[in-house]
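Read the structure below first, then the notes.
In the numbering used here, the protein residues as written are 53 to 984.
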């Protein structure tokens, strides 16, 4: 064999082997199903077995039938939840508190932070809630708040470093920081363990075992703390969990440990650290990031994912193998032979060791469709599209290739095989099974056939109905052929022999052969399983324990022979066809051992224990009662006491549930409304019912339920009354009599009052018109006064401006004269000139000029100077003078002579004034002053 051929065969072997781990059922709930956010941070369960999830959008409740979202009061993410006694405690951003149930069944929130006036640190979020004795601890990343449920008081524990996480054991409460692991004792923190291992590894959880405490770290595996020392707790998945990162961990009731990872799904280990299951998105987990874990009262394991919620039914008697790779294909047959499990698929024949997680290996030479597997005479026969194979461990020998082979039956030491073109016979020659002959004169496909009385063969054909064949003594020819007209042919119909009786199943029902007259008669008892549109397939299978199996839309049924009577006993497994995902007409089930069955599907198989039907005690409860007036909104009513509804509020809706979370246990409900009908309605899977337009009267609504074949021990009931319409009550009849007598009296009285009211109304209208006229006159007078005031103000402003201009001109003139006199050279007149200059200086004295101007300015623009001074206390009198001049919209050139300074000096003063007023660069000084 050359290298190329070797590599080809090696790659082929790799491609056709498939890892075979069988998993418990997983119920997947996406956010579009439960109607809330993707992420679920913590999970808890109350005494009613209702589940609660700390969700991104609020508190999420699941009662087994319906999801209800209660948004967080401050519209933030709820990070933690814990059901303690009759309250549901939650922690969120900058708040923690509890929810309790109102009489109508809805939850209402109470904030402990507000009630106790707790002063929280900035940006606190509460990631954990732990009960201990009479205390409830709310843990944020900075503090732990301890609330005493008896005294209603709280205390605060605030470490020096940030809190990584708090943990609860039977010995006490612990929390981790970067300094180590602390224990809370007497309301105070005490160092419990400060080893370097604890300081550098983030703890996910602390789990108690009989050997000590297991420290679950995020990135460094698991450690055992025992006798004051820490040692590595080795597991079979150490490398995987260290690479994946652990985010959540939970000890299960049997001592197993569930580890939720960041990127690789969930690992479930036994108490010794051996892997029991590794479930990831690759094998139908909803998401690989497990944010939270919780084991409920029924031992189901709930997973709060980064995107959705999953429930693993660890206690289920069902295990599933899913072939996501498509290597195996659809399974059509299975059998255990010589301690190996063989499965026949549309891809060929595969096998593996029983009760092991070893790979399925392909049986060479069997590529193609396998229809059946048959063990007889210590030999395994394979019915194949290519013919008939005898299987020897990992190889197969084709002994018949004239036609595809459907099935096998034995008779008189020979094997009869149903082929695509009739029936043929195999016999043992020299210790080897070989093809003997084809039975002549019958060439129809014989997918279903049974042998009766040695030489009669009945053949069930999907498109031609039932044939009865009489065979000669050496099984070579059909001597007589009879085609039945009744029962009629049917899609996915089948034929089988059970307890020496021949049965035929089709959509019309299940028929049994009467051996005396050789006619088929409908079996009414068996045919009940196809009622209510339950028919999917007529496929029937008899197992090794002599049970007769049927497959319907919502159930898998099997019948067994009664021990004290000939009547068949029915058992029903609530496994719908949608879950088994089998090909209609090709359903298959085989008994692997005394208590385990294998059901083939289109993408793998299920293993089913015969202890599947759990005998749990279930209780049904009414979760909601609501009513509404026609076309109006529903209003919730109390479910804790009898109801009372108005006559038009007569559309009543009831919601009910059983908190069972097994994916394969369908809950069904049956109800009646005493007062309307006293008989129980048909079983239904819908957990609610609405009664419309109920007449007045007293009613009692009753509901019971069943899970699988177990009916609830209780019957939930609710009493209520629909009141009579007001016009039919006794009070209304009395009112009619009184009203008739009163009407006559009041008609006369009202007629008189009408005239009086009309007269008063006319007077009132006239008075109103007069008042309106007076108001208009007063308004007009006010407008005139306002206009006059405005004219006066304008006049004063004009006068002030003119006076200011005159003052400026006078001052300028005097200053010019003064300068001319100063420049005079006549020495004789110096004394006279100095006298004139002195007189001019007195006339243009700055202070006098300002005082005169200020009086005039205050008269024209009252309170301006006070306002500007109040807004800018740092302004000096000179600053106020400039403000007043600018208020009159004077330029720097016009202001300069008033202040007896240069224009440049005025500009400097204006600049300093802007600085004192702290004006923005783009804001004008004059504009600002004019707007004051």
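Note that the Cβ used here is the ideal one computed from N, Cα and C, for glycine as well.
This one's a predicted model, so the numbers in the text were calculated from it and none came from an experiment.
Taking the alpha helix (DSSP H) that residue 632 falls in, what are its first and last residues?
-> 629 to 632
Residue 94 burial status per 10 Å Cβ neighbour count (16 or more: buried) = buried
For residue 278, which of 365, 376, 266 has the nearest alpha-carbon?
-> 266
Could I get the ranges of all uninterrupted alpha helix (DSSP H) runs contained in the segment 385 to 420, with 4 residues as the minimum, in chain order?
-> none
Pairing CB atoms from the segment 382 to 397 with CB atoms from the segment 92 to 106, are three or more of them under 8 Å?
-> no
How about residue 298 and residue 317: do their beta carbons lie closer than 8 Å?
-> no
Among the residues of its own chain, which have a CB less than 7 Å from the CB of residue 741, if the five just before and after it don't count?
-> 706, 723
Quick one: grab the DSSP three-state call for residue 879.
-> Only weak support is given to the placement of residue 879: the predicted model assigns it a pLDDT of 48, under 50, and the value that follows is read from those uncertain coordinates. Here residue 879 sits in coil by DSSP.
Is the beta carbon of residue 773 less than 8 Å from the beta carbon of residue 754?
-> In this structure, residue 773 lies away from residue 754, with their beta-carbon atoms at least 8 Å apart.
Does the segment 180 to 189 come close enough to the segment 213 to 228 that 3 or more CB-CB pairs lie under 8 Å?
-> yes
How big is the Cα-Cα spacing for residue 788 and residue 692?
-> 37 Å
Is the distance from the Cβ of residue 463 to the Cβ of residue 503 below 8 Å?
-> yes
For residue 440 and residue 310, the rounded distance between their alpha carbons | 47 Å
Using DSSP with H/G/I as helix, E/B as strand and the rest coil, what is residue 336?
-> coil
In angstroms, rounded to a whole number, what distance separates the CA positions of residue 73 and residue 220?
-> 34 Å
Where residue 243 falls: helix, strand or coil (DSSP) | strand
Does DSSP put residue 924 in a helix, a strand or coil?
-> If DSSP states are grouped into helix, strand and coil, residue 924 belongs with coil.
Which of helix, strand or coil does DSSP assign to residue 982?
-> Helix, per DSSP.
Contact belief for residue 218 with residue 193 at Cβ below 8 Å, rounded distance in angstroms | That belief does not hold up - the Cβ atoms of residue 218 and residue 193 are roughly 10 Å apart, past 8 Å.
Are the segment 558 to 569 and the segment 535 to 544 touching by the rule of at least three beta carbon pairs closer than 8 Å?
-> yes
If we ignore side chains and look at the alpha-carbon of each, how far apart do residue 247 and residue 179 end up?
-> Those two C-alpha atoms are separated by around 25 Å.
Please go through the same chain and pick out, in chain order, the residues whose beta-carbon is closer than 6 Å to the beta-carbon of residue 920, but skip the five residues on each side of it.
-> 935, 984
Cβ pair residue 145, residue 115 closer than 8 Å | no
Hey, which unbroken runs of the beta strand (DSSP E) at 3 residues or more fall wholly within the segment 251 to 338?
-> 255 to 260, 265 to 269, 274 to 278, 281 to 285, 298 to 303, 309 to 313, 318 to 321, 327 to 331
Per DSSP, which residues does residue 773 bridge with? Please list them.
-> DSSP, once it has assigned bridges, lists 696, 750 as partnering residue 773.
Pull up the distance between the alpha-carbon of residue 286 and that of residue 255, whole angstroms please.
-> 17 Å
Taking only the alpha-carbon atoms, compute the straight-line gap between residue 820 and residue 795 and give it to the nearest angstrom.
-> 34 Å
Hey, would you say residue 547 sits closer than 8 Å to residue 510, going by beta carbons?
-> Contact flag set, yes.
Uninterrupted beta strand (DSSP E) stretches inside the segment 512 to 539 (no shorter than 3 residues) | 517 to 523, 530 to 535
Would you kindly check if the distance between the Cβ of residue 489 and the Cβ of residue 528 is under 8 Å?
-> Cβ distance < 8 Å, so residue 528 and residue 489 count as in contact.
Leaving out five residues on either side along the sequence, give the residues of the same chain with a beta carbon under 8 Å from the beta carbon of residue 271.
-> Here the set comprises 253, 254, 294, 297, 298.
Which two residues bound the contiguous alpha helix (DSSP H) that contains residue 579?
-> Under the DSSP assignment, residue 579 falls in the alpha helix (DSSP H) whose first and last residues are 576 to 579.
Would a C-beta distance cut-off of 8 Å place residue 588 and residue 670 closer than the cut-off?
-> no
Please confirm whether residue 101 and residue 626 have their CB atoms less than 8 Å apart.
-> no
Cut-off 7 Å between Cβ atoms - residues of its own chain near residue 964, not counting five sequence neighbours on either side | none
Residue range of the alpha helix (DSSP H) that residue 1006 falls in?
-> Summary: the structure shown does not reach residue 1006, with the chain confined to residues 53 through 984, and so no result is reported for it.
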